[in-house]
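Protein chains in written order, with the working numbering: chain A, 14 to 216; chain B, 14 to 216. Ideal placement from N, C-alpha and C gives every residue a C-beta, glycine not left out.
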């Protein structure tokens, strides 16, 4: 059983979290989903309802796979030592670390993306890349897998990254099963990025 | 402001709910999202965390647009008079009624789909169509819009249906904006259904 630790914080983006959780949730014999936040209990999505965090950072649980969503709240969380301290420790114990959208900014704030290839939301690209110049940010990428650290482009791209991660862990056939059950046609090529950030030098 | 009433019940399917809510949530000047369940408070997703219902059926609130997700729990809810009674009343007061996946089975149980064109999850198609033969079920459809009743195919199809509904309400340009912000390439043709249910006569 692979334990997924889905990280919540106020103003997380709904699909960043639930797109990936849908895919893991369809393989309930292989993945167990847990939610974790600074404090256990309800956490408000950006413009949406509360999701309940099962665990708190103080519980100091280990997870096999971390999922960090993006959203407006990442601007606060990248400077929140409770988040970055917990995330650095949890990432060190996890087999896989994954982020969606501007969730990569929270992971970057731990220093764990320094020197790694990574991507992020394409509308926020220059903001994110400018704030963390030690990361090798990719302007054109649906997702990037650098070892067992996977970062995805904005919002819906988290589903494609997750299917790729499932493919790595359980094999591509299982990832295909999940996509079919969800009636989802995934972007299977990580370089296929119709939303790629423009190079400012060529604007 | 268009009030979205997102209906929760135990074992709802995560992406059925949150795919559409992501799209409405990106237009926070036009849509206000509320969650409603038989009892206010936490409601468990199928294989996932709890989402908090803001309103209860007893509050007897009116919503402009209803969203009924699918999931394992629909098999119980189609026979739950608290759900079907509330849904029939709320649908009568709503401008738009929308379902995702097997959510159409819960709406069908109110009788409101009788004589209408509708669709559902394609892996559950024969179960759903067999249970509610007075509905004109469509085997091949990403989603179906019959007046202001919109039903979608399984899980991820709810996002495409929602963009079509947004297009009807606010115009196609706003729907395109949302898709771009979500870095999502929608299925724009409701008849484009790679997961279409096979006709049993031709199996």
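Cβ-Cβ distance between residue i and residue j below 8 Å
i, j, result
"residue 21 of chain B", "residue 48 of chain B", "yes"
"residue 61 of chain B", "residue 38 of chain A", "yes"
"residue 158 of chain A", "residue 199 of chain A", "no"
"residue 83 of chain A", "residue 116 of chain A", "yes"
"residue 77 of chain B", "residue 132 of chain B", "no"
"residue 196 of chain B", "residue 44 of chain A", "no"
"residue 126 of chain B", "residue 104 of chain B", "no"
"residue 59 of chain B", "residue 90 of chain B", "no"
"residue 75 of chain B", "residue 50 of chain B", "no"
"residue 174 of chain B", "residue 150 of chain B", "no"
"residue 93 of chain A", "residue 114 of chain A", "no"
"residue 119 of chain A", "residue 178 of chain A", "no"
"residue 165 of chain A", "residue 87 of chain A", "no"
"residue 204 of chain A", "residue 152 of chain A", "no"
"residue 55 of chain A", "residue 68 of chain A", "no"
"residue 34 of chain A", "residue 46 of chain A", "yes"
"residue 210 of chain A", "residue 138 of chain A", "yes"
Residue of the options minimising C-alpha distance to residue i
i, options, result
"residue 218 of chain B", "A:64, A:36, A:23", "A question about residue 218 of chain B goes unanswered here, because the residues of chain B that appear run from 14 up to 216."
"residue 144 of chain B", "B:161, B:154, B:122, B:165", "B:122"
"residue 72 of chain A", "A:32, A:118, A:128, A:53", "A:53"
"residue 70 of chain B", "B:101, B:14, B:202", "B:101"
"residue 128 of chain A", "A:165, A:137, A:140, A:160", "A:160"
"residue 18 of chain B", "B:106, B:95, B:26", "B:106"
"residue 26 of chain A", "A:211, A:176, A:57, A:138", "A:57"
"residue 41 of chain A", "A:32, A:14, A:137", "A:14"
"residue 192 of chain A", "B:136, B:109, B:110", "B:136"
"residue 130 of chain B", "B:162, B:108, B:189", "B:162"
"residue 140 of chain B", "B:85, B:96, B:194", "B:85"
"residue 181 of chain A", "A:212, A:194, A:108, A:32", "A:108"
"residue 206 of chain A", "A:190, A:176, A:212, A:170", "A:170"
Any non-hydrogen atom of the ligand ADP within 7 Å of residue i CB
i, result
"residue 25 of chain A", "Only the bare structure without any ligand can be found here, which leaves the ligand ADP out of the picture."
Ranges of the beta strand (DSSP E) found wholly within the region 84-127 of chain A, counting only runs of at least 3: The region 84-127 of chain A contains these whole beta strand (DSSP E) runs: 109-112.
Uninterrupted beta strand (DSSP E) stretches inside the region 161-188 of chain A (no shorter than 3 residues): For the region 161-188 of chain A, whole beta strand (DSSP E) runs of length 3 or above, ordered along the chain, are 162-165.
Near-chain B residues of the region 194-210 of chain A (beta-carbon distance less than 9 Å), N- to C-terminal order: 194, 195, 196, 197, 198, 200, 206, 207, 208
Contact set between the region 148-178 of chain B and chain A, restricted to residues whose Cβ is under 7 Å from the partner: 166, 167, 168, 169, 170
Sufficient close CB pairs (3 or more, under 8 Å) joining the region 134-154 of chain A to the region 178-197 of chain A: no
Near-chain B residues of the region 40-58 of chain A (beta-carbon distance less than 7 Å), N- to C-terminal order: 41, 46, 48, 55
Residues within the region 29-40 of chain B neighbouring chain A, beta-carbon criterion of under 7 Å: 31, 32, 34, 35, 38
Interfacial residues, the region 121-143 of chain B to chain A, with Cβ spacing under 8 Å: 134, 135, 136
Contiguous alpha helix (DSSP H) assignments of at least 4 residues, all confined to the region 18-43 of chain B: 27-38
Residues within the region 59-71 of chain A neighbouring chain B, beta-carbon criterion of under 9 Å: 59, 60, 61, 62, 63, 64, 65, 66, 67
Near-chain B residues of the region 86-106 of chain A (beta-carbon distance less than 8 Å), N- to C-terminal order: none
Proximal residues, the region 15-29 of chain B versus chain A, C-beta separation under 8 Å: 19, 26, 27, 28
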